[in-house]
Structures are given as C-alpha cells and as structure tokens.
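The listed protein sequences correspond, in order, to chains A and B.
Take the first sequence: its letter number 158 is residue 185 in the working numbering, and every next letter is one higher.
Take the second sequence: its letter number 603 is residue 606 in the working numbering, and every next letter is one higher.
Ideal Cβ placement from N, Cα and C applies to all residues, glycine included.
What follows is one structure encoded as structure tokens, with my remarks underneath.
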Amino acid sequence: MVDVDKLKQELKKINDEAAKIREMAPEKRAEFGRMINAKRNEVLGAIAEAEKAAINEDSVAIDITAWSGTNEPSPEFYPAEMGSAHPLMKELDIVTSIYQMMGFDVVESRQLDDEYHMFDTLNFPKEHPARDGYDTFRTEEGLIPPAHTSTMQHRVLKQFKKNLDEGKAISVVVPGRVFRNEDVDATHEHTFYQCEGVYVSSDCTMGQMLGILREFFEKYYGQKLNIRTQPGYFPFTEPSLEFMIEKPRDLGGKKGDFLEMLGCGMIHPNVLKMAGIDPSKYHGFAWGGGIDRLVMLKYGLPDVRYFESGNLKFLRKFN
Amino acid sequence: MKISLNWLKKYVEIPEDVKNQDLIRLIGARLVEVEGVIDETHKYDKIYVVKVESCEKIPDTHLTLCQINVGKKDLVQVVCGAPNVREGMLAAWIAPGAIVPASVHEDAPFVIGERKMRGYDSCGMLAGADELDLGDDHSGIVEISPEAAKPGDSLADIFELSDLVLEIENKSLTHRPDCFGIIGFAREVAGILGVKFVEQPLAFKTSGHVADKAEFNPTVAIEKSEICQRYSAVVLEKHGEMKQKYLTWQDTVISKSGMKPIDPIVDATNYLMLLYGQPLHAFDYDKFVKVSKTSRPEIKVRLARDGEKIILLDDTEVSLNENDIVICSGDVPVALAGAMGGKSTMIDENTKNIIIEAATFSLYNLRKTQMAHGIFSEAITRFTKGLSPYQTLGVAGKCAEMLSEGFKIAGMADENCCKNDNSEIMIGLSEINGLLGTDYSKELVIKTLENVGFEVKDRKNLFKITAPAWRMDIHIKEDIIEEVGRLLGYDNISPVLPLHATAGSNAMWELKSNLRDLLVKYGANEILSYSFVSERLLKNASQDTANSYRIVNSISPELMYVRQSLMPSLLEKAYKNEKLPVEKFAIFEMNKVYPKRFGLDSEKVPAEKMSLGILVAERKSNETAFYKAKKYIAKVFEELGVVVKYAPFVKPAPEMDSYDPKRAALIYVGDELIGVVGEFKKSVLHDFKLTAYTAGAEVDMNLLLEKASRKKEIDLGVYKEEDLTVTTDKTYDEALAEVQAKNPNAIITPGTIYQADGQKTRNITFHIKIA
C-alpha cells in the first residue's frame, strides 16, 4: 500500500525546490522548469493512483456464492415488457434465415483482418487506391478492420471447396460488421452491417444470380418485385453489377421508384484461382449489401446513428 | 461529369422511337449510373437574337438607350449598361416575362420585366454571358455573329440550348476513362442501341506548317515510363490575332458540361478534353524556355523531390513529395503533372507562342497527388482513371487546328514509352452464353462487339477478339463477357433458381439467436456499440491499452483502440441511459473481441472471441447489484445446461481489471475460466459516473458453445416442498454443501439471507424439494 502522506510530502519538497527558479540564471530556468514539472507530474500521478487504490480498498466483501444479498429480497428479472432485441440483429436473423431456407450456409465475418484477405485475395491491384489510408482503417501492425464482408470470400471458398469435389455447389452467406473511415451523420456510419453471398458451381450463370437475389428480396418483402441492374465495378467480380428492386408498396413505393440494394457480379477468375478453385471448371457469383438501410426502410427510421447509440428510449420500442 | 444530350446526339444517331427518357434509362442500365437529369428544355425560352439599330448615351450615366430590332416591325427600346454595346451588333435579348437563365435554379428565379430606368422605358434586357449562364464574363453583353443568326431568331434554336444534361456518377466509371469524353460516351450509346459507331480517327497533320527552326522543336525526356506512358508536345507559333468576339456554340457546350469559357486557348483545350477525354495543357513557350535559359524547350517528366516547391496557376505554393510527378523545363518544375500548371509558364494576354501538352500519367501517382494537394479538377479526374495514350498527339494536333486562326504548328515532339497493342482474347460463344445464362447468337455477339470498336475474327467455334486502343481494361475472357452482357442488357437475362443441396447450420449464430430471445424474455435490452474505443474509456475501465490493437488512422481519439472486452462500452452506455433517464435496465451485447494477448491464429490474423456482456444498473437502489447480474448470467448457463462454479476473484484475465475483487466472482466450467460476474471498482464507477447499483458479467461464448448441451430434460416429478433455515457463519455454498450432504436426493434452491444487527452469523434459507 503506497503511503499517500509520504507522496504528499514529496510533492511539497518538489514545490519548494521549484521556488528556487527565481534565483537561477535566466538561461537555465527553462531546463530546470521542465525537470521540476516532470517530477511533479510523476508524483501527482502516483498520488492519483494511490488515492484510487485507497477508494477501491474501501469496499465490503460479499458472499459471491450466494444468490441474494444479506437482508435483501431475492433479485428478480425485469419484466418481459422491458426487453428488446436490437433491430439490426433481429433483421440480420431474418435475412440469414431466408438464405438458409434457400440452402445457404452462414459464416459470420471477422472484425479484424489483414491485407491478404481484404485485398490480395480479392484481385485488388497492388496500388489500388482503396488500399491506401483514405477509406480503410489500419492498426499499427497493418491489420485491417474490414471495409466489406468480402474479406471472408477467400476463407469461405477454401472452407467449402470440398462441396465442389462432392459435385455440390458452394453456397454461403456472410453477415457481419464492417467499418469505413467516414464521418458520421444521419445517413452515414463508420460502423455498419453487411451480408455477403458467395455461390460457386460448375454451371452457374448470371441468370441464376439474378434469380437468387430476386427470390431473396421477394421472400424478404413477401411480394413479387420488379428488379433492375446497372453496370458496376469491383475488382473481385467480372462482370460487376448494381442490383436494384422496385420499392415495395408497403414501404410507400411507387412505380418506377427503384432502390439500390447491393453490388454483385461473377467472381473474378483470379479470386477463384487464389482459393485453389480451377476457373476453367467452376464459376461463381457473389454479392454484398448493407443491412442498416433495410432496417431504416422497414421502420421509417430517419437517422442511422440510433443503431449504435445504445439509447434505451429508442431500443425499447423494439420489444 | 455532365453530358449534354444535344452534344451527344451529334456523334450518335438516336432512332426516333427511342425517346429521351428511354435513352436515359438505357444509359443507366447498360453504361453508368445517371445521378440526375438537368432539364434545360425551357431555360432559354423567350430569349432572342436582336440587332442594335441605334445607341444613344444617357447623359451623366454609364447607360445607353438602345433601339433594337427583335425581328418584328416595331423597334423595341431597352436601356443597356454594358460598355460594349454598339450600333449594328447582334445581341441576346431577354424578353419581358422570361427568366434570367443564370437564376433558373435559384429559389426565386429572376423574371425580366418592363420598367423605367432613369426615366426611360426599358423593355427586357440585353444579356451578358454570366446572365445567360454561359460563362463568367460580366464585362459586357454577348455578341452574336451575323453569319450565325438574324434578328428574331430564338437563342435556344441557334445554339441548341433546349437540352437535357445528364449528371453522371463518376465512381461508376472508374475503369472507363474512354467514357470521360463525349465521343467515347457516344460510342457506348451506339453500342447500347445496337448500331455501329462511326469512328473519326485523329491524325496529326502538320500540313507543311512545321517551321524549319530548331528552337521550336522541343525535346522530351521521361524519367521512368511508369510515371508517364506518353508525352506529346506541339509548339504553336503566333502569326495573327485570335478573334474572340462572338458567342459560339463551343462556349455553350463548355458551359453545359460544367466548365466556363475563358479565352480562346484555354477554351480549345477544355473543349477537346470534354470531347475526347484527353486533357491538354498550354504553356507559354517563351516563359518556358526562359525558366531554364535553354535554346529550345527541354521538357522533362520526373518525380518531384521531397520538399521541392512550385507555385501553381492559382497562386498557391505547394510543397511537393516524392510521389508527385512534375513537368520540368530543364530541371525546374513548371507544372504539377495532371493536376495544375505552374505560375511561371502561365498563358497571359502577352503570350506569343505556346506549347500544347497532351500526355498520360500514372493514375496511382496522380491519385495520391490529388489527395495530398486537394486538387480535384476535370483534368485530374480523367487522368486518375488510367487514360489510354493512343490519342495524345492526335488531340494536340486537333488543338492546333482549332487555334489555326492565330497560330501555326512550329514544332513537335512525341515520346511514347508505351507499346499499346491489346492482345488477342480467345473465347467461345458457349462460354459467353454459359456464364450469362443467355442464348445469344453468334452474329449478335459479333455485331455487338464490333459496334464499339472491337475486332472480332470468327474462327469456327472460337472468337479471336482484339480490344480497341482506347480500352485499357480488357484482359481476360470475363471482360469480353461483361461487354456482351452489358451492351445487350443484363435486364434481358432471365432470372432462374439453381438447384442445390441443403444448408448446414451455424451453431454460434444459433446460440446468439437463442440467447437473444432468452434475455429479451427476461426484460433485458440488446444493444450494439462500436468495436473501437478510446484510451480514456479503457483507462476508466482499468484496462491496459497495451492489450488492445491501436488504429493508426482512426477518425478520432474516441475510436482508436480495438476492444478487448465489451464491458467498457456497456459501462459507457449505462451512464448515457441513466442520464436520459432510464431508471433500471439490463443491457447486453454479443459481439467479437480481440484482446491483443490472444496473439494470432493459424491464419496469422488476430485470434477472436465471441463475447456476451451483460450489465445491470438502477439509479435508485440500496440492494446489491451483484446478485441481479449473477441471476441473469446464471439463467444463460441454466438454459444451455452448462454447470458452472462461482469462484473467488483471484488471478483474473487482464480484460477483467474493471471488477472489484471483493465483489466479483470468476466463473468456471470444470477448471476452465468461462467468464466473470461482479460489481466494479469504486474508481471505475466514479470515472463512468455510475451509481453503486451497477454490476456486469461477461462470458466467452466460444467456450459456452463448446460446453452447451443440446439435451434439455423436462422434470415432471412430484415433490414435497419445504423451507429450511440454517444459522451459520459460512458462505452460502459451504452451507449448501452441508444441507445437501444431509439431503442427498433433494433439489435445493436458494431462499433469502438474514443477518441481525451485531450478529456474526447469518440465517440462510433453502427451498428443499424431495421426491
């Protein structure tokens, strides 16, 4: 136990010493001042620590094996009416269960990954601008909090490659949390959720990709939908598309009102090759889209910042 | 990028049955994202070409009283403040009731009327370029060539101003520099419409102009071919004055494309950039040679030296870095390549001879230059897409042609480091249809590709395809498939569902789903919080920053560390909710954590754990929060059939430093530590500004999953129930063990605990059920 009084005496000594600065030659004062300040801060820090420790010492032990406090009633759970699941998580559950129904395995995405999975295995040219610091976070070690769930594509391809050997398809969805170096406002978050899809077989086509995506959204919205596409560009798919659906009537959609839902495309042969899949025998397609927006549309939420706010006045509405 | 439909239609014929709306939709579906359409159909309504018949100065003002011929029998009187108004000129007249074009997109568009000025009736207004939204010039009114129009003509008709302007999302064209010019865009539109695009190849023609003077022939040295594939320079010698008198159609397309007409030389370079997608730059020749005192322009393209300085056209001095590419005269930088010209060689009104530069530069270097110096010009937007070097000299020559009224070609140089021969790609029709899921005929595929300049040789079942010179992005079969699929329309592909095997399950995903349902049923609230936390948050929670991965380019200090446990975030959210105020709550989160001490896994990425964190808090309660937290976490174990032991808080994991050792327990499954439950150190509560009734629990969900039992027995037994109270100085578990030993077959659950004032012993009550 550190003696706080002792430390305080030491501090007094330092302060007395500091007073000598007036008797010193002016050119020596700066150096002396720095030295004294460093000493003073060190002791002040130690005092703060010691005081903290003293406060923490001042606590009464309890019987941790018991189930209620002495002379206290037994604790109760809060009533079910108070409970709430997070709307994003609930939605992600709905999304993955539809895909599972359609025969897709579920693999959750990582939240800290590396250059190899985030870029190299996805056919990003070495100097691709997306690699530099402007969009992607990096740790001291060069690790990357992924900016998209595609960071899992290579792993998923390798993990499920055996399906192909058995004459089956690889069909996996990857829900997960992703990060972008982006300022936060009502429609932008640096932290959000995506769901990725990966499909590989010996005879898959773009028509199948469009079929699966349409099926998903029709199941999700419980109605027939018009779909539309637009050319896009991603290094890891070729051809690449943006996929749109006509805004469902239930959500106030009018005819011709299209929503961009996700990016998709046929998996680039280099991506297959890197995972040890022969692109002359197998083809694949992949897609990825945001979940936050689905939830915002569904509940008419004006501000994406609610999701990570932890604000119970908001969250308890999802009882 | 802005694309004028009228300009576009000069290069591609749109069939009559394709309405503008259809065309725009097709462009969106098969080429680029059209962000918006600016409707300028009526922007120039009621604006006419007029002839100024007479001018009379209004005394003591700068104003002129003009009688103008608007193409009708009677002259119209208008007061004009422009110094350049004169008798006989053709001008643009905004008639009463018309809106000033520059104000059409403002909240309150300015409607021209008839009014009195200095006592004179003035009907309508003679317009300057700025009012017409056709430039920045405010020095006078625009003049229109008598060869172009006659009084009474509608200005919109003469200059094709009734137009739709497409706003293109540049990001959707990152890999298509060839589409950043009207011609390239038109080629794609032709392809989409299924018609052959008519190429108009550019050839550099000196037409005998090149002077026989050595000083006009520049030398070009490129330091490394990676930074500049091709550099063409054409020297123009002045032989006459350029007339910039009349408003031209060229001015109007420059304006519609979002740029401003400035002077004949700059306008020519901008116009050609907008047309061909190849940026040009003009140097003052005489200043250029003066910089390095050479007899002829010695052009050098090199990487800048760190800290080297240059003053740019906009008067800003920038400090260059080793990534920037500079154009030098001799060795002195005179332009930041692709981004902006330098002040020292800038064109001005005294400029005689000029050097036209047409080059391509490394997009990677230029992207960094763009970010480092914050330069986002039309030119650098094009360079950073990776331009093909095929047309540099041709476009420079075209520029010379446009300026031929005042300049003649006096010299040129063309340093080409690029061997731009796109290699042949072999692909079969079945491969194309196979990947797209289509049934396109051989003829259709060939025609589709040829329409946009691909060379297709049909070799029985295989196409041998060569991409045109402007396409730098065609390398593999899939690139060809993309062209076919896109030009013929992905929307024409029939969606079908494949048949495939059933899915496996994801046990962790299911566990999360089950626990979510369970905890919600017991009144808890699921939250999400950021995966990144601040140093302050870690310190407040008594967690060691050395155990967290640190993000070097975090948005703010608030998001600098990857979290090692969920508890600091939950503590912070608890405070926020108490402040709202929310009286009582149990919040939980299930998310991944990455304590640094876990090291790397077999894939050499940080080992991760799924964690469940629960926190209970009440603003006003004198009871012990520990037991509420324990009740919640115990429910989780019970639900999953995991038998745990609550042990004294000794040797906890470093992530558990937030807890008060006297009021927390470690949770074990056998001898494996699975989690912790407890109240927090007083210093932690103080730093998070939380009340004493706060406790939390955090559990390793990976271990939880491993230990969870799928079996769940439902007990249908009939029991005799009674309460038993023992007076003891032992802990609950010790007392329980004694009671259990005496009643080996009983099911024992806890009751309350009572301790009288001043007593050492406690009365512990047990509920006992015996079969």
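Between residue i and chain A, is there a C-beta pair that is closer than 8 Å?
i, result
"B:K542", "no"
"B:T548", "no"
"B:S433", "no"
"B:E38", "no"
"B:P1", "Residue 1 of chain B lies beyond the residue range present for chain B, which begins at 4 and ends at 774; the question has no answer from this structure."
"B:E109", "no"
"B:W10", "no"
"B:K685", "yes"
"B:K49", "no"
Mind reading off the beta-carbon distance from residue i to residue j? Whole number of angstroms is fine, and I expect it under 8 Å.
i, j, result
"B:F379", "B:I230", "So it is not a contact: roughly 21 Å between Cβ atoms."
"B:S391", "B:M276", "Their Cβ separation, rounded to whole angstroms, is 14 Å, which puts B:S391 and B:M276 out of contact at 8 Å."
"B:A506", "A:Q127", "5 Å"
"A:I254", "A:F270", "7 Å"
"B:L727", "B:I773", "The pair is not a contact, with the Cβ atoms about 11 Å apart (cut-off 8 Å)."
"B:G400", "B:V238", "So it is not a contact: roughly 12 Å between Cβ atoms."
"B:E38", "B:I171", "7 Å"
"A:V122", "A:Y247", "7 Å"
"B:A700", "B:V679", "7 Å"
Could you check whether residue j and residue i sit closer than 8 Å to each other, using their CB atoms as the reference points?
i, j, result
"B:A650", "B:A668", "yes"
"B:A740", "B:I617", "no"
"B:K5", "B:K259", "yes"
"B:Y662", "B:K684", "yes"
"B:L438", "A:T232", "yes"
"B:Y47", "B:A152", "no"
"B:L250", "B:L323", "no"
"B:Q373", "B:Y279", "no"
"A:F345", "A:S111", "yes"
"B:Q567", "B:S557", "no"
Under 8 Å between C-beta atoms, does residue i make it to chain B?
i, result
"A:I348", "The structure shown does not extend to residue 348 of chain A, since chain A is modelled only from 28 to 346, so the question has no answer here."
"A:Q250", "no"
"A:C291", "no"
"A:R343", "yes"
"A:N83", "yes"
"A:I288", "Contrary to the premise, residue 288 of chain A reads as Met rather than Ile in this sequence. With 8 Å as the cut-off, A:M288 does not count as an interface residue toward chain B."
"A:E245", "no"
"A:F263", "no"
"A:G234", "yes"
"A:K188", "no"
"A:L115", "yes"
"A:R165", "yes"
"A:M323", "no"
"A:T214", "no"
Using only the alpha-carbon positions, how far apart do residue i and residue j sit?
i, j, result
"B:V742", "B:A749", "9 Å"
"A:I91", "B:Y533", "31 Å"
"B:E529", "B:M593", "8 Å"
"A:M129", "A:V205", "25 Å"
"B:F588", "A:Y105", "8 Å"
"A:A302", "A:R182", "8 Å"
"A:K251", "A:D277", "12 Å"
"B:R305", "B:W252", "38 Å"
"B:K612", "B:V596", "5 Å"
"A:P172", "A:D140", "6 Å"
"A:G259", "B:L34", "9 Å"
"A:L268", "B:H478", "19 Å"
"A:E245", "A:P306", "31 Å"
"B:N495", "A:H295", "22 Å"
"B:E581", "B:F691", "11 Å"
Mind listing the chain D neighbours of residue i? Cutoff is C-beta to C-beta under 7 Å, in chain order.
i, result
"B:F588", "Of the protein chains in the structure, A and B, none is chain D."
Please give the ranges of any alpha helix (DSSP H) in the stretch 649-737 of chain B, keeping only runs that are unbroken, at least 4 residues long and fully inside the region. 685-690 and 704-710
Just list the alpha helix (DSSP H) runs in the stretch 164-240 of chain B, keeping only unbroken ones of 4 residues or longer that don't cross its boundaries, in chain order. 185-196
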